[in-house]
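Residue numbers (our numbering), protein chains in the order written: chain S, 1 to 321; chain W, 322 to 642. All residues carry an ideal CB built from backbone N, CA and C; glycine is no exception.
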């Protein structure tokens with residue numbers, strides 16, 4: 001949750017002159033997204049989300065993110081649609097920061113996803129993968145294999161304060177992944193952060209995907225691996241094969257996985273687990289004690305990683321081969 | 322800003338069955354209010370604010386707060402209207418906490434109020450004072466004179482870490498106020514926290530008063546004193562008599578102050594300054610370093626208090642006697 005920047009009424013009124021949205025009626029900071037400042041904006045034209053991009057998001061990446069939402073929404077993907085100003089562009093400046101207005105998506109994120117939600121997610125993800133194929137901008141995944149070792153180095157010295165032996169455990173896993181990471185799989189634009197809080201449902205129907213600020217070009221199957229971790233483990237860290245199968249069935253109802261993509265799922269799931277383990281570990285060791293935002297437990301991802309290390313083939317994720 | 326409690330989709334759907342608001346469409350935590358968890362709630366019936374009362378608000382006080390908003394809104398005061406459930410009551414439970422749905426008020430709070438805003442505030446405050454006269458529930462001001470010394474005692478030992486000599490300064494001021502605090506002034510229900518962020522405007526017209534969770538029975542002129550502090554000082558701590566006069570003109574356009582109320586304004590303004598100085602000092606010494614919510618500077622209220630200590634009569638606040 002985040003509202004980092006206060007917007008004054010006079011700045012906002014000036015900003016809105018660049019749009020054709022009528023009179024300003026209300027603005028409320030909302031607790032959504034951890035990278036940016038987000039506001040609910042009400043004008044005579046309706047309800048919108050106003051996002052101010054804080055320094056954790058590279059300004060050079062904004063045309064990718066904004067352009068991608070525009071591209072996907074045009075192709076029928078339920079995602080926020082950037083609102084263009086009178087000048088035809090969606091990216092402006094407010095309070096000294098890049099800012100955009102996007103459409104307000106209805107829906108609620110599901111705290112305890114069932115298999116049906118996983119199936120809907122799989123289908124929506126595959127639709128997004130297909131819809132992104134002709135998106136012309138490229139953005140490398142800044143949180144993939146090459147970044148993990150430098151990220152680990154920032155936490156390595158204190159990793160064992162979180163769990164004894166954690167530094168050695170991560171180090172060995174990094175060696176394995178660097179040796180065995182696939183590089184010839186089908187790829188394109190992926191979301192890369194499709195956790196349950198980024199997927200809205202209305203009456204158990206998927207109503208939208210949000211928060212494209214980790215989207216990038218990478219292997220499609222890596223997006224699936226992120227979701228296997230984020231959607232298919234129970235609170236006790238057991239893996240729910242029914243949900244995983246539903247996710248795969250949903251995905252393959254839209255886009256079939258190739259043989260090499262299936263085979264790579266265990267190693268991709270390990271990599272996806274390590275990626276979130278490393279960023280959570282960094283936050284855990286960096287966020288001050290007592291801060292209002294409680295960092296997420298990195299050990300949850302150690303447990304997921306341990307599960308995947310024992311998986312030898314995709315059948316164990318619910319895919320029949 | 323605050324969202325302390327997460328509400329699950331299933332809890333929320335159950336909760337909404339007690340209301341006649343149609344299907345749930347969206348829920349977003351909003352960064353408003355520091356005592357409670359607040360959400361923007363969208364249903365087929367429209368947009369609302371859902372509030373979960375956290376433990377800083379005494380449950381026994383909720384009938385006062387909810388009943389007061391209902392009472393004032395019925396009498397035409399622009400304030401949130403509590404939405405009643407099918408059982409005819411506005412207070413229910415959600416996620417283990419007392420919860421209420423109130424109407425969504427349009428408007429923006431003004432970061433740099435001008436004299437015109439102060440005049441509108443004064444009039445709205447007086448209207449509220451009059452409209453509350455026949456409200457049947459009584460709630461003592463928990464943050465008035467009697468509470469200041471015990472509150473000070475919790476910070477006294479570390480007060481000088483904020484500014485050298487602060488403990489002695491506050492102690493002497495407390496002695497003065499305890500000796501000279503008025504007790505026979507006209508009173509009734511006051512808001513007690515009418516800071517600019519609790520007053521909405523649309524195109525420079527006052528559109529609503531919000532956040533009644535400090536409302537209580539106390540002297541009407543004390544509410545004015547809180548506003549003199551909150552609205553009439555410039556960023557450099559100079560007192561803007563034009564704004565103060567506008568506030569008083571607005572107030573007296575609705576309700577005339579009696580002689581004893583005018584005469585008491587300097588001491589009431591000192592008390593109001595000390596009340597916010599003490600709560601800010603407590604938060605300053607208590608909120609952990611690095612927390613996302615930066616505590617407000619207590620010294621701002623030391624400077625306001627020093628100003629009021631030099632004021633000998635209400636003329637200096639812009640009231641011609």
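query: Would you say residue 340 of chain W reaches chain S, if we count a Cβ-Cβ gap shorter than 9 Å as a contact?; result: no
query: To the nearest whole angstrom, what separates the beta carbons of residue 86 of chain S and residue 169 of chain S, a pair I think is in contact under 8 Å?; result: Contact flag wrong, Cβ pair sits at about 55 Å.
query: Is residue 51 of chain S buried or exposed, if buried means 16 or more other CB atoms sit within 10 Å of its CB?; result: buried
query: Could you give the DSSP three-state label for residue 171 of chain S: helix, strand or coil?; result: helix
query: With DSSP as the reference, label residue 120 of chain S as helix, strand or coil.; result: helix
query: When you compare only the Cα positions, how much space is there between residue 241 of chain S and residue 257 of chain S?; result: 18 Å
query: Less than 9 Å between the beta carbons of residue 214 of chain S and residue 143 of chain S, yes or no?; result: yes
query: Are the C-beta of residue 107 of chain S and some C-beta of chain W separated by less than 9 Å?; result: yes
query: Hey, how far is the Cα of residue 65 of chain S from the Cα of residue 382 of chain W?; result: 47 Å
query: Could you tell me which chain S residues have their CB closer than 9 Å to the CB of residue 532 of chain W, listed as they occur along the chain?; result: What residue 532 of chain W touches in chain S: nothing, since even the nearest Cβ is about 13 Å away.
query: For the alpha helix (DSSP H) holding residue 55 of chain S, just list the boundary residues, first then last.; result: Premise fails: residue 55 of chain S is in no alpha helix (DSSP H) and is neither H nor E.
query: What's the C-alpha gap between residue 484 of chain W and residue 437 of chain W?; result: 35 Å
query: Would you call the segment 466 to 475 of chain W and the segment 496 to 509 of chain W in contact, with 3 or more CB pairs under 8 Å?; result: yes
query: Hey, could you find the ends of the alpha helix (DSSP H) residue 359 of chain W is sitting in?; result: Here residue 359 of chain W belongs to no alpha helix (DSSP H); instead the beta strand (DSSP E) covers 358 to 364.
query: So residue 329 of chain W contacts chain S; which residues on that side make the cut at Cβ distance below 8 Å?; result: 111 and 112
query: Classify residue 297 of chain W as helix, strand or coil using the three-state DSSP reduction.; result: Given that chain W is displayed from residue 322 to residue 642, the structure contains no residue 297 of chain W and the question cannot be resolved.
query: Please list the partners that residue 349 of chain W has in chain S, where partner means a Cβ-to-Cβ separation under 8 Å.; result: 30, 31, 32 and 40
query: Just to check my reading of the structure: residue 57 of chain S and residue 35 of chain S have Cβ atoms closer than 8 Å, yes? What is that Cβ distance to the nearest angstrom?; result: 5 Å
query: Is it the case that the segment 582 to 591 of chain W contacts the segment 620 to 636 of chain W, given that we only count it when at least three CB pairs across the two stretches are under 8 Å?; result: yes
query: Report the option in S/254, S/90 and S/198 whose CA atom is closest to the CA atom of residue 119 of chain S.; result: S/254
query: For residue 403 of chain W, does the three-state DSSP call read helix, strand or coil?; result: strand
query: Do you know how far the Cα of residue 390 of chain W is from the Cα of residue 398 of chain W?; result: 9 Å
query: Skipping 5 residues on each side, what residues in its chain have a beta carbon closer than 8 Å to that of residue 366 of chain W?; result: 341, 342 and 343
query: Taking buried to mean at least 16 other C-beta atoms within 10 Å of its own C-beta, is residue 461 of chain W buried or exposed?; result: exposed
query: Answer with buried or exposed for residue 322 of chain W, where buried requires no fewer than 16 other C-beta atoms within 10 angstroms of its C-beta.; result: Because the pLDDT at residue 322 of chain W is just 40, under 50, the model does not fix this residue reliably, and the value given afterwards should be weighed accordingly. It counts as buried.
query: Work out the CA separation of residue 403 of chain W and residue 409 of chain W for me, nearest whole Å.; result: 11 Å
query: Between residue 488 of chain W and residue 543 of chain W, which are expected to be in contact by the criterion C-beta below 8 Å, what is the C-beta distance as a whole number of angstroms?; result: Not confirmed; about 25 Å, so no contact.
query: Could you tell me if residue 639 of chain W is buried or exposed, where buried requires 16 or more neighbouring beta carbons within 10 angstroms of its beta carbon?; result: buried
query: For the beta strand (DSSP E) containing residue 484 of chain W, list its first residue and its last residue.; result: Unbroken run through residue 484 of chain W: none, as it is neither H nor E.
query: Kindly indicate if chain W contains any beta-carbon less than 9 Å away from that of residue 202 of chain S.; result: yes
query: Along the alpha helix (DSSP H) that carries residue 190 of chain S, what are the first and last residues, could you check?; result: Counting along the chain, residue 190 of chain S falls outside any alpha helix (DSSP H), though it belongs to the beta strand (DSSP E) covering 187 to 190.
query: If you check the beta carbons only, do residue 431 of chain W and residue 520 of chain W fall under 9 Å apart?; result: yes
query: Just to confirm the assignment, what range does the beta strand (DSSP E) spanning residue 281 of chain S have?; result: Here residue 281 of chain S belongs to no beta strand (DSSP E); instead the alpha helix (DSSP H) covers 259 to 286.
query: Mind pulling the chain W residues with CB within less than 7 Å of residue 24 of chain S?; result: 429
query: Would residue 129 of chain S and residue 189 of chain S qualify as a contact pair, given that the criterion is a beta-carbon distance under 9 Å?; result: yes
query: Can you tell me whether residue 64 of chain S is helix, strand or coil according to DSSP?; result: helix
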